[in-house]
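K.L.:
This structure is in structure tokens; I'll ask about it shortly.
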Amino acid sequence: MNARATQPIIGTRMRELRKTKGLTLAQLGAETGLSVGYLSQLERQDADPSVRALNTIGAALGVGINWFFPDPSDADNPETDIIVRANKRRALRFDSGVHDELLSPNLSGTLEMILTTFAPHANSGDANYAHKGEEGGFVVSGVLELTVEDQVMRLGAGDAFQFSSTKPHRYANPTDEETVIFWAVTPPHY
1 MNARATQPII GTRMRELRKT KGLTLAQLGA ETGLSVGYLS QLERQDADPS
51 VRALNTIGAA LGVGINWFFP DPSDADNPET DIIVRANKRR ALRFDSGVHD
101 ELLSPNLSGT LEMILTTFAP HANSGDANYA HKGEEGGFVV SGVLELTVED
151 QVMRLGAGDA FQFSSTKPHR YANPTDEETV IFWAVTPPHY
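Read in order, the letters of the sequence shown are residues 1 to 190 in UniProt numbering.
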């Protein structure tokens, strides 16, 4: 696959993730030290990015460089806008022990699906946070401690939850075992 063939995917994925994170081109430019004009050209597929630029952009957006590249075997596969195969999920690992796998084929729609694995005693942070939208989840395995505002709830395998994301919240795995959660978030927050 040549650079021009991958460029529309790189530009699209860059724009989707930037918008999902609520950043303007100017804010991303300030974070990366890259010009707004250059970032705009990348998103419009009018310029080819350098590896350094993609690493810098990825770091600012919280992803690795692989986030931007399609699997070469998917280049002409129309199902990639609809289906995410189990062995082709885009993933993020956080220092906190949380591992997210994006189950949605892209972030351009109104729904985001994620499979999250919490290592023993991993959490989303010590402080509650909030964002626009709504989220729900299903505990596939393990135990999840869910805090919404000042209410702390303990959920086990098979339990589900849903709440407005504008309410301050956080998550934790309070056990010595791994916890797996399936999430649905709208609009995409990733």
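Just so it is clear, CB atoms sit at the ideal spot from N, CA and C, and this is done for glycine as well.
On a predicted model such as this, the values are computed, not experimentally measured, just so you know.
Nearest-angstrom Cα distance between Lys-88 and Arg-44?
P.N.:
The sequence position of residue 88 within the sequence shown is 88, counting from 1. The sequence position of residue 44 within the sequence shown is 44, counting from 1. Each residue's alpha carbon lies about 25 Å from the other.
K.L.:
Are the CB atoms of Val-139 and Arg-154 nearer to each other than 8 Å?
P.N.:
Here residue 139 corresponds to residue number 139 of the sequence shown, with the count starting at 1. Here residue 154 corresponds to residue number 154 of the sequence shown, with the count starting at 1. Not a contact, by the Cβ cut-off of 8 Å.
K.L.:
Could you tell me if Glu-149 is buried or exposed, where buried requires 16 or more neighbouring beta carbons within 10 angstroms of its beta carbon?
P.N.:
The residue given as residue 149 occupies position 149 in the sequence shown. When all chains shown are included, Glu-149 counts as exposed.
K.L.:
Do you know how far the Cα of Phe-163 is from the Cα of Gly-136?
P.N.:
Within the sequence shown, numbered from 1, the residue matching residue 136 stands at position 136. Within the sequence shown, numbered from 1, the residue matching residue 163 stands at position 163. About 6 Å.
K.L.:
At which residues does the alpha helix (DSSP H) containing Gly-137 begin and terminate?
P.N.:
Here residue 137 refers to the residue found at position 137 when the sequence shown is read from its first residue. Looking at the DSSP string, Gly-137 is not in any alpha helix (DSSP H); the run it does join, the beta strand (DSSP E), is 134 to 141.
K.L.:
What are the boundary residues of the beta strand (DSSP E) that Thr-186 is part of?
P.N.:
As a working note, residue 186 is residue 186 in the sequence shown. Run containing Thr-186: 179 to 186, per the beta strand (DSSP E) assignment.
K.L.:
Rounded to a whole number of angstroms, what is the C-alpha to C-alpha distance between Gln-41 and Asn-106?
P.N.:
Numbered from its first residue, the sequence shown carries residue 41 at position 41. Numbered from its first residue, the sequence shown carries residue 106 at position 106. Roughly 21 Å separates the two Cα atoms.
K.L.:
How many whole angstroms separate the CB atoms of Glu-21 and Leu-54, which I take to be in contact at a CB cut-off of 8 Å?
P.N.:
Residue 21 sits at position 21 when you count from the first residue of the sequence shown. Residue 54 sits at position 54 when you count from the first residue of the sequence shown. In the sequence as displayed, the identity of residue 21 is Lys instead of Glu. About 16 Å; that fails the 8 Å criterion.
K.L.:
Tell me which same chain residues have a C-beta within less than 7 Å of the C-beta of Gly-133, skipping the five on either side of it?
P.N.:
Counted from its first residue, the sequence shown places residue 133 at position 133. Counting only Cβ-Cβ distances below 7 Å, and skipping sequence neighbours, we find Ser-165, Val-185, Thr-186, Pro-187, His-189.
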